[in-house]
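Below is one structure, written out as structure tokens; comments come after it.
In this note's numbering, the protein residues as written are 205 to 445.
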């Protein structure tokens, strides 16, 4: 028999036969990991498998190649506090979907795991959407597509960064980027630790950066052809503000 015990974040729960569920957890040491939960969709257990829940999981299987089964107990229910704030719930759903779509099975990503835990807690704060955008950039970096926002890729001033190049993923200064502004992505200043004059526009710009690189650098190489629906809905929410 194979097995382990670990904490994990529920990132997907699919109904299976006889009220069972196929559950995907994001764990520190075992990465994105699937398991069968007997009666997981029953009225007694379903609440344990809400997206974003932090759980204590015991996984067991006959061999390491089998999907195996989970025994799960809830540590934190992270979705219930968001039920009265739909945009925050969209952010949680989007993060879970992106993890499920982009991570290979059973590859550990401890830094990303702890970053996701931090995001779940940040969703209860006033800077929740800024935290979500930073989480997307951390996901891109973990997948090997990190952005460099520390200096101007064109050799301009590093204290006046206003753009991101969709080709190089490098920042650009106002002076160097201005002639090509229509081909560049706007860089929100909160990603540099500064204040933005238009906070809502900055959020839209930040979500646009994440969307571009996730679609063109990551999802383009998977079976998924577009961003998760909650992610698109989150952008539309701020676009209409």
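Glycine is no exception: its CB is placed at the ideal position from the N, C-alpha and C atoms. These figures come from a predicted structure and were not determined experimentally.
By Cβ distance, which residues of its chain are closer than 8 Å to residue i, with the 5 residues on each side in sequence left out?
i	result
residue 423	305, 306, 429, 430 and 431
residue 205	264, 265 and 266
residue 332	292, 295 and 326
Take residue i and list the residues in its own chain whose beta-carbon comes closer than 6 Å to its own, dropping the five residues that flank it on each side.
i	result
residue 275	262
residue 421	349
Could you tell me which residues DSSP pairs with residue i in its beta bridges?
i	result
residue 236	230 and 309
residue 216	228
residue 352	374
residue 241	225
residue 210	261
Report all residues from its chain with a CB closer than 7 Å to the CB of residue i; omit the five preceding and five following residues, and keep chain order.
i	result
residue 208	234 and 263
residue 442	404, 407, 408 and 411
Could you tell me whether the Cβ atoms of residue i and residue j are closer together than 8 Å?
i	j	result
residue 232	residue 314	yes
residue 255	residue 300	yes
residue 389	residue 368	yes
residue 377	residue 395	no
residue 253	residue 244	yes
To the nearest angstrom, report how far apart residue i and residue j are at their CA atoms.
i	j	result
residue 198	residue 445	There is simply no residue 198 to check, as the chain begins at 205 and stops at 445 in what is shown.
residue 259	residue 282	10 Å
residue 242	residue 266	16 Å
residue 287	residue 373	35 Å
residue 404	residue 425	31 Å
residue 214	residue 227	7 Å
residue 349	residue 392	19 Å
residue 352	residue 342	12 Å
residue 225	residue 321	23 Å
residue 273	residue 219	14 Å
Segments of 3+ residues assigned as beta strand (DSSP E) that fall wholly inside the segment 246 to 289:
258 to 265 and 273 to 280
Just to confirm the assignment: which complete beta strand (DSSP E) runs, minimum length 3, are found wholly within the segment 360 to 409?
365 to 368 and 374 to 377
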